[in-house]
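The block underneath contains the structure these notes are about, expressed in structure tokens.
Number of protein chains: 4
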Amino acid sequence: MYKVEVHRLPMGAPDDLSALVALLDDGTIDAGDIIAILCKNEGNGCVNDFTRGFTTLAVKVLLSERLGISREEVARRVALVMSGGTEGVMTPHMNVFVRRQVADRGAIPAGEKRLTAGIGFTRDFRPEELGRMAQVREVARAVKEAMADAGITDPADVHFVQIKCPLLTADRIEDAHRRGQTVAVEDTYKSMGYSRGASALGVAVALGEIPESAITDEKICCDWGLYSAVASTSAGVELQKCEIIVMGNSTESASDLVIGHDVMQDAIDMQAVLRAMRCAGLRFDVLPDAQQLSRIVNVLAKAEASSTGSVRGRRNTMLDDSDINHTRSARAVVNAVIAAITGDPMVYVSGGAEHQGPDGGGPVAVIARAE
Amino acid sequence: MYKVEVHRLPMGAPDDLSALVALLDDGTIDAGDIIAILCKNEGNGCVNDFTRGFTTLAVKVLLSERLGISREEVARRVALVMSGGTEGVMTPHMNVFVRRQVADRGAIPAGEKRLTAGIGFTRDFRPEELGRMAQVREVARAVKEAMADAGITDPADVHFVQIKCPLLTADRIEDAHRRGQTVAVEDTYKSMGYSRGASALGVAVALGEIPESAITDEKICCDWGLYSAVASTSAGVELQKCEIIVMGNSTESASDLVIGHDVMQDAIDMQAVLRAMRCAGLRFDVLPDAQQLSRIVNVLAKAEASSTGSVRGRRNTMLDDSDINHTRSARAVVNAVIAAITGDPMVYVSGGAEHQGPDGGGPVAVIARAE
Amino acid sequence: MYKVEVHRLPMGAPDDLSALVALLDDGTIDAGDIIAILCKNEGNGCVNDFTRGFTTLAVKVLLSERLGISREEVARRVALVMSGGTEGVMTPHMNVFVRRQVADRGAIPAGEKRLTAGIGFTRDFRPEELGRMAQVREVARAVKEAMADAGITDPADVHFVQIKCPLLTADRIEDAHRRGQTVAVEDTYKSMGYSRGASALGVAVALGEIPESAITDEKICCDWGLYSAVASTSAGVELQKCEIIVMGNSTESASDLVIGHDVMQDAIDMQAVLRAMRCAGLRFDVLPDAQQLSRIVNVLAKAEASSTGSVRGRRNTMLDDSDINHTRSARAVVNAVIAAITGDPMVYVSGGAEHQGPDGGGPVAVIARAE
Amino acid sequence: MYKVEVHRLPMGAPDDLSALVALLDDGTIDAGDIIAILCKNEGNGCVNDFTRGFTTLAVKVLLSERLGISREEVARRVALVMSGGTEGVMTPHMNVFVRRQVADRGAIPAGEKRLTAGIGFTRDFRPEELGRMAQVREVARAVKEAMADAGITDPADVHFVQIKCPLLTADRIEDAHRRGQTVAVEDTYKSMGYSRGASALGVAVALGEIPESAITDEKICCDWGLYSAVASTSAGVELQKCEIIVMGNSTESASDLVIGHDVMQDAIDMQAVLRAMRCAGLRFDVLPDAQQLSRIVNVLAKAEASSTGSVRGRRNTMLDDSDINHTRSARAVVNAVIAAITGDPMVYVSGGAEHQGPDGGGPVAVIARAE
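Shown next as structure tokens:
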């Protein structure tokens, strides 16, 4: 029987692990219990965002020293998911997922579901596999592995699947070309979307949201009617495989926390955020009060610019802005909408929601303390 | 006796005046009644934002042809205030202020205040005057002129003062240096803040919010405790003087509209937006419903990054982001917060709120149809 | 018999036509003789660069007033080619092409070729035609029209073909989708490349550099072995058709000027620039001296990032930089290389050289005074 | 007696040390002989450029493991100078300075000066000291220390002084304010210039180029007539003190290399680059041929936008461009000018040349193999 905890810790810079070090030093967290770290990094969240790799290296160095294992072994043991981009008022921070064996559920009523989490890894992908069915299938396999790791059997109990996936760089495309292979897309920035999209469809396949047979290479990043309601995928230059964190609720969990989710239909869909809060157990009529808000551990959401170039029939310039990538704008907007409700800008919003919720929208999950 | 109307019109590009042309063609607007046009332009809102000048030229050409007067005469008659930056989901649009003489107030109850508006212009400023007391004093003079034009005598009836002001460019700084003069600041981007700040303090002086004697060159863009609660100023490269629009309510107005305002304490201050809506006459308990929201003609707000680098004690990276100017981030955030409430991203948010509301916050005004 | 002049005029802003106005006022230029204006505008040169449209409007207003014709008639008579992006030390400027009938060639030796220029226009393109064979064929037709207008019959006498072409915006893509059409590419920024590429291949077809049968939709922006050595194409949001300026030499021209060209193999190919100078008649051994350089009227070049992500085997980050579009970087580099030789940063470098010279390189032309 | 070597190694990413690892593994470099590493990193070179810290961490981890010492001890022993920004075609790379004791100078003629290098460190600076005389004086002290370390006594033998210096962040400014202190400048991006400028003036004081008494707080980043001809300073968020590398020639050095320098008067001053090449011993008349160019180990230069907004009387938009910081543009230009000559884009150009060479120009040094 597992007890899962989530520690949300502010970061002063990509290598600022001082809040985590403090919790390790005072015994709040045992380094060996960490199963995943999900960061919101302050880079541009695009191709050349090296803040993700920087944090990854810093975490590996820290944990390898605390655990007395190699940095490679850390990477095999802990899912390190770095998501770039803290535009607007969003606060750079990390979410440390800690899981430990406990004997029983204590006072938790039998049958009451509580938060659990599990992790999984795909194999390394070759450049020509990214954004194509090869990636969809391998991600689906690894998501099931992570569900098993979390002790979840019913896909309906999965409320958020966070995946970190690779992208194409000029070098990697060159490599594919040298071997006579094509890639899904030549544009490095755009490859992030293809990798995110294929990963999200892998989640949808694993959870039975979409049958694998309904997906083809051509539909990836094209048929936006296909999507997962719980996938959150993020691409980064610092890895070649996918790292997966599955979050859900289980009657076997001894956690003090619970997770709920909903789907934002567009970037300003405040009501979906409120529904996700209710789904996670917050009690309120129109807007939650300070006491209820204080139960929130974090809100996790996906953001993207609508492919129509408009929201509620009103034009915006995100897609036509050649100075600021639209993922950056979308993150700023969704974070602001959530922060306006929670009163706290330190919530996790990740950009590029291809096949993650409907076009222009995305999943939103709330992790809260049970009452 | 005046009747003031405000037409909010979407723009497909900086020179897209098709919505205005349609209203001129169908007789809804008489070109001669236009007193001001307030645009939200889709440029970067910074030094090299030429969308403002582009719209200005397009409007001058249109109105000069419709009115049979020169483009220079159009500029003397109509306040053309272009504010750059439609980050996030904000919709590029224009607000056309129309004012015409009417015989009486019709069914409006005596004593009930309704929207009025007036305009004013300063003289051209020399580069060395920008961001200094010379600008404060001249703006104060012109704001009083605009109040008189609006028929407002009590400063408490003023709810929003929109000013377009000049900035320094490399050329203009050179010009000052050649004449042996210093400028308030050498950095062209930063000069926008000084000009906005001095203009806002001019409003505060005119309205009696701050005595002129309390302000010095040194306090401009330094002592953030000094601010106006209704000033909204915006800098642009396309002009050398300030153009001013005063908006307020009056028992002498025959308008169907009314204006209210409040002050956002920070970028996610949703409650201030709601208070401004109530101030403009919307009736609701926690959140306005669709019927009440439909009364809104526009919301006008100022946005800026807090100088502390944080909001509600949470760090953000707006000030340290060397790729995206913080004014751009701030506009995306405040627009998102307002749009989440109104359900409409076509609201006016202008960046750089120096001396306009408290540090990190800014005034917000709502123009709504009276019931 | 024609005499063609080229006036290179600095601009202080996109609507600064003061240098042109001065030449019109002092009689140096007769407004009716202007056949083309080729501008280097100070916008970002990408999708949302409205400086091009701004200059276009300003020029149309000026010439319509000087010539007593409508702005539409100006656009039909004069090729207005605006190319955005003056990165690095590049100086915003315009090149005014003036052509007038003269009785004879004066002292120019018979058989000596001198500069001539002609213009042409395509029809408006639908979104679904851009970047495809429909565009290639129509551009080829219009280039031949422009050659005829210039009095050039031998394609070998053509040294530079400047084309301004449309791009896709979110709105235009939506329009195609509504009519059940696909577009060559969904990404608005990338559509600029497709339009430039198809236009360049149209030049190659017109001049017999490539047979039309060798080109297919699939090869556009894919097979970089296909290119024109004299095409320079530039995309902008402000037009729906292509505007074409053909420059070459002719024994029938009475101009004081001559044009030459060469092809840069990569962005730092200084020797190609020097060869183009020699081709235009400059005399020097290793580097031209100040006297020879003073004969140059302008240098016109194309720039682009190599698709390999490297120059001379050395990696660069232009393609992976998500903060600055690679066309912007490429323009800064090529301008700097040329300016280092000429000692004058006011030379014309346009970005995005798809099918214009080899991958990573581009044509470079020099217009110089004959000795 | 020292032998100094400089290894210029390409980097595929900020943490790509594979080229260095290869040289350590094959015995070409002994880790204990490394005295300094000077990197050209692929970040934006501005405030939020974390590629510098990323490389620093990666190098510390590598060397601590190779040398069996702590990462802190590595930092005390080796000057790690990371300079951000590889705009245009510039190649990210590192320069590894290796110095080892040798018994004699071998076949080097007595009296012939060869390359030597030394390092020094200042104490940590408080935020309120940056950009002021406190920084100038402490840097001057540490430069003399580094000269002594290099075995140079005559300032005329110093050809390049590379310094990495701190900058102000929102956090650090807040810290100063909390302690009742002012800072030299509130703008974090601008603080980089003040720190670079004060460091450069420290070099000038140490080398006797400017008497300390001629410098005041007010003249820093204001009186551009004060400058060093050999200082190259670079600011980064990852350190609180200055790290200094002095390079020069000495009759006591057994190196195969020699260094020379000159001063570029502006960003396109090709002749200064050529003079620096001659100063380093390259033999050529107008331009060096391939054989002479092959002797070059690296070219090190500073770049900056002229404060006048123009180069050779021609306007540019670098200072008015609010989307791209002018330091980024300036690096692209100067790198392109040098690469056009050398045929190799992997040369070191660092931005922001405050008090390093004349306004708009900067020092340029060439390290070459002696014949």
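Residue numbers (this note's numbering), protein chains in the order written: chain A, 1 to 371; chain B, 1001 to 1371; chain C, 2001 to 2371; chain D, 3001 to 3371. All C-beta atoms in this analysis are idealised placements derived from N, C-alpha and C, irrespective of residue type, glycine included. Remember, predicted model here, so these are calculated numbers, not experimental data.
Taking C-beta atoms under 8 Å as the contact rule, residue 2366 of chain C and residue 2263 of chain C fail to qualify, at a distance of about 13 Å.
Between the segment 2113–2120 of chain C and the segment 2244–2251 of chain C, the count of Cβ pairs shorter than 8 Å is three or higher; the stretches touch. Residue 1014 of chain B sits buried, since 16 or more C-beta atoms from the chains shown fall within 10 Å of its C-beta.
From the listed residues C:2229, C:2201, C:2039, C:2322, the smallest Cα separation to residue 2272 of chain C is found for C:2229. Of the residues A:347, A:322, A:202, the one whose Cα lies closest to the Cα of residue 332 of chain A is A:347.
Here the C-alpha atom of residue 1135 of chain B lies approximately 7 Å from the C-alpha atom of residue 1199 of chain B.
By the C-beta criterion, the segment 1229–1240 of chain B is judged to be in contact with the segment 1202–1214 of chain B, since at least 3 inter-stretch pairs fall below 8 Å. The closest CA to that of residue 2142 of chain C, considering only C:2127, C:2184, C:2123, C:2152, is found on C:2123.
Counted as a single uninterrupted DSSP element, the beta strand (DSSP E) harbouring residue 3299 of chain D occupies residues 3296–3303. Taking a Cβ-Cβ cut-off of 8 Å, the neighbours of residue 2344 of chain C in chain D comprise 3312, 3314, given in sequence order. Distances from the CA of residue 311 of chain A to each of A:10, A:324, A:267, A:111 were compared; the closest alpha carbon is that of A:267.
For residue 2074 of chain C against residue 2038 of chain C, the beta-carbon gap comes to about 15 Å, at or over 8 Å, which does not count as contact. Taking a contact to require three or more Cβ pairs closer than 8 Å, the segment 3049–3060 of chain D and the segment 2339–2356 of chain C do not qualify as touching. Listed along chain B, no residue sits closer than 8 Å to residue 2073 of chain C by beta-carbon distance, the nearest being about 15 Å off.
Within the DSSP secondary-structure output, residue 2165 of chain C pairs in a beta bridge with C:2235.
Under a 10 Å Cβ-count criterion, residue 3165 of chain D is classified as buried, with 16 or more other Cβ atoms of the shown protein chains found around its own Cβ. Between residue 3169 of chain D and residue 3237 of chain D, the C-beta spacing is below 8 Å. Its chain contains 1167, 1168, 1185 as the residues whose beta carbon lies nearer than 6 Å to that of residue 1191 of chain B, once the 5 sequence neighbours on both sides are disregarded; these appear in chain order. Approximately 5 Å separates the beta-carbon atoms of residue 3355 of chain D and residue 3197 of chain D; this is inside 8 Å, confirming the contact. Taking 8 Å as the threshold, the shortest C-beta distance from residue 1169 of chain B to chain D falls below it.
When CB distances to chain B are screened at a threshold of 8 Å, the residues of the segment 2013–2029 of chain C falling below it are 2013, 2014, 2015, in chain order. Not a single CB atom of chain B sits nearer than 8 Å to the CB of residue 3041 of chain D. Ranked by Cα distance from residue 1283 of chain B, the first of B:1260, B:1304, B:1303, B:1269 is B:1260. Between the alpha carbons of residue 220 of chain A and residue 239 of chain A lies a gap of roughly 21 Å. Shown in chain order are the members of the segment 3037–3071 of chain D whose Cβ falls below 8 Å from a Cβ of chain A: 3042, 3043, 3048, 3050, 3051, 3053, 3054, 3057, 3058, 3061. Residue 3095 of chain D is bridged by DSSP to D:3008, D:3038. Look at the segment 242–271 of chain A: the residues with a C-beta under 9 Å from a C-beta of chain B are 266, 267, 268, 269, 270. Taking all protein chains shown into account, residue 1101 of chain B has fewer than 16 neighbouring C-beta atoms within 10 Å of its C-beta and is therefore exposed.
For residue 1286 of chain B, no beta strand (DSSP E) segment is defined, and its DSSP state is neither H nor E. Here residue 3018 of chain D is exposed, its C-beta having fewer than 16 other C-beta atoms within 10 Å. At a C-beta separation below 8 Å, residue 2189 of chain C has these neighbours in chain A: 322. As the crow flies, the alpha-carbon of residue 2325 of chain C is around 22 Å from that of residue 3083 of chain D.
At a Cβ-Cβ threshold of 8 Å, residue 2042 of chain C and residue 2092 of chain C count as neighbours. Below 8 Å, enough C-beta pairs join the segment 2356–2363 of chain C and the segment 2289–2309 of chain C to call them touching: three or more.
Between the alpha carbons of residue 289 of chain A and residue 1281 of chain B lies a distance of about 25 Å. With fewer than 16 other Cβ atoms from the protein chains shown falling within 10 Å of its own Cβ, residue 1070 of chain B counts as exposed.
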